Ligand code: APR
Ligand code: PHB
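Numbering (full-length UniProt numbering), first residue to last: 1 to 395.
If you want it as structure tokens, here you go:
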């Protein structure tokens, strides 16, 4: 088997890269270790930045997103039992976010790939990378009971935070910057009509809570919990009681309850790999960096990476230019570190930390009050939340 670009992982990063390459006339093979059903059902965050939506639109994969995505022009911050509206669009010259589940984006991209018959192999196992430092790398893997070797020009490591690509680089060649947080999120998906039109980020003495949604019938909710929290200790009743306590305000706003469809724990981590490239291997998305979910930046960063990578590969194949491939990592890392800072800042603003002394509580409160009262501070939140504009792609 031979292809130009071997893509490992069929998450948003790998699938969108394959799609953008296909449109540029560059063939690729995508290798995924899970089943198609699993990948299409995996519930993750659901906030698309304006630039992500525009890119999916330009790439011709936004038909369902346009119909079913919910455009939000603001978010709400809640603390001290008070609501504070942040006018995202008013503060950013009309930009907005779209609430559309990440697994829906994945479904749309899989459908586009399958419609054009481009290779996308599910349930591969024992993926191994070879010859990263050579001109002719390859990927070996098991599929359908057979060991196969895929020869290629480049490997795109889009295999998420637990993938094999990053590990395939010899020790010491990549630097990893990392921070773990002393808490996690317990998330539920419930069949209940969202009780508000906008996402609500709540800072509370009992811990952070987030109100989000997936559709007019489905609510998505999260609670800050311990990093080693055992889900078995959380009955649906206990979860709802905790959500009511953290989210409700004195003015009669009530969360709508409904059957819990899915429950899970999301760990909170910040991680950046530098550089995002080694020889013929290019890392993109969660394989290269992880953000805590507070600013909903994970998938948006993956999209920004593969936009750069697809363009750099197109310049290589169409014009024999390798400068953009050489600059891929630094082009991505500027946005990655900005998003790392924003996600860390939003996390710090709203969560209860172990050192929650009265002093720290008052500092946090002063920052929240400032973000809501100052137009400059709300604009800083808004422009990062809707996503900073993409840097122009070098001609
Ligand atoms: N071989 C093949 N595929 C693999 C391997 C492997 N060894 N290891 C992991 N994968 C697959 C996973 O099953 C997954 O489908 O790689 C894919 C990685 O996808 P994601 O984890 O979704 O990562 P990415 O595409 O970078 O998307 C960015 O945004 O909201 C965040 O963390 C969230 O998924 C998210 C991300
Ligand atoms: C979600 O809807 O799943 C979601 C929304 C906002 C976040 C994180 C997750 O910051």
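Positions of the beta carbon are idealized from the N, C-alpha and C atoms, including for glycine.
Being a predicted model, the structure only gives us computed values, none of them experimental.
- Here residue 187 is bridged, per DSSP, to 222 and 264.
- In the structure shown, the three-state DSSP call for residue 385 is helix.
- In terms of Cβ geometry, residue 301 and residue 339 form a close pair [threshold 8 Å].
- Here the distance from the Cβ of residue 102 to the nearest heavy atom of ligand 1 is below 7 Å.
- Every residue whose beta carbon comes nearer than 5 Å to a heavy atom of ligand 2 appears here in chain order: 45, 46, 47, 212, 220, 293 and 296.
- Between residue 147 and residue 140, the C-beta gap is smaller than 8 Å, which places the two residues in contact.
- Residue burial is scored here from C-beta neighbours: residue 357 has fewer than 16 other C-beta atoms within 10 angstroms and is therefore classed as exposed.
- Taking the C-beta atoms as reference points, residue 61 is found nearer than 8 Å to residue 19.
- Going by DSSP, residue 6 is part of the beta strand (DSSP E) stretching over 5-8.
- Here the C-alpha atom of residue 113 lies approximately 39 Å from the C-alpha atom of residue 208.
- Collapsing the DSSP output to three states places residue 182 in a strand.
- When 22, 329, 391 and 354 are compared, the shortest CA-CA separation from residue 225 is found for 354.
- When distances are taken from the beta-carbon of residue 276 to the heavy atoms of ligand 1, even the shortest one reaches 7 Å or more.
- The C-beta distance from residue 24 to residue 310 rounds to 7 Å, short enough to fall under 8 Å.
- By a beta-carbon distance limit of 8 Å, residue 271 does not contact residue 277. Their separation comes to about 16 Å.
- The Cβ atoms of residue 63 and residue 157 do not sit closer than 8 Å to each other.
- The continuous stretches of alpha helix (DSSP H) do not include residue 201, which lies in the beta strand (DSSP E) extending over residues 200-202.
- Contact between the segment 312-326 and the segment 34-50 is not established, with fewer than three Cβ pairs separated by less than 8 Å.
- Partner residues in the beta bridge of residue 273, as assigned by DSSP, are 176.
- For residue 321, the three-state secondary structure derived from DSSP is coil.
- The beta carbons of residue 247 and residue 202 sit closer together than 8 Å.
- 210 is the residue among 210, 172 and 100 whose C-alpha sits nearest the C-alpha of residue 195.
- In this structure, residue 385 lies near residue 295, with their beta-carbon atoms less than 8 Å apart.
- Annotation: residue 81 to residue 200 spans about 12 Å, alpha carbon to alpha carbon.
- According to the DSSP assignment, residue 98 belongs to the beta strand (DSSP E) that extends over 97-99.
- Placement of the Cβ of residue 65 at a distance of 7 Å or more from every heavy atom of ligand 1 is found.
- Checking the 7 Å criterion, the Cβ of residue 371 is out of range of every heavy atom belonging to ligand 1.
- Cα atoms of residue 182 and residue 227: separation of roughly 6 Å, rounded to the nearest angstrom.
- Between residue 164 and residue 129, the C-beta gap is smaller than 8 Å, which places the two residues in contact.
- Within the segment 48-126, the complete alpha helix (DSSP H) segments at least 4 residues long are 50-58, 63-68, 88-91 and 102-115, listed from N- to C-terminus.
- Among the bridge pairs identified by DSSP, residue 215 is matched with 218.
- Across the set 325, 174 and 262, the C-alpha of 174 shows the shortest separation from the C-alpha of residue 275.
- Here the segment 387-395 makes no contact with the segment 68-88; the two share fewer than three CB pairs at distances below 8 Å.
- Rounded to whole angstroms, the gap between the alpha carbons of residue 242 and residue 223 is 8 Å.
- Going by DSSP, residue 157 is part of the beta strand (DSSP E) stretching over 154-157.
- Counting only the Cα atoms, residue 298 lies some 31 Å from residue 149.
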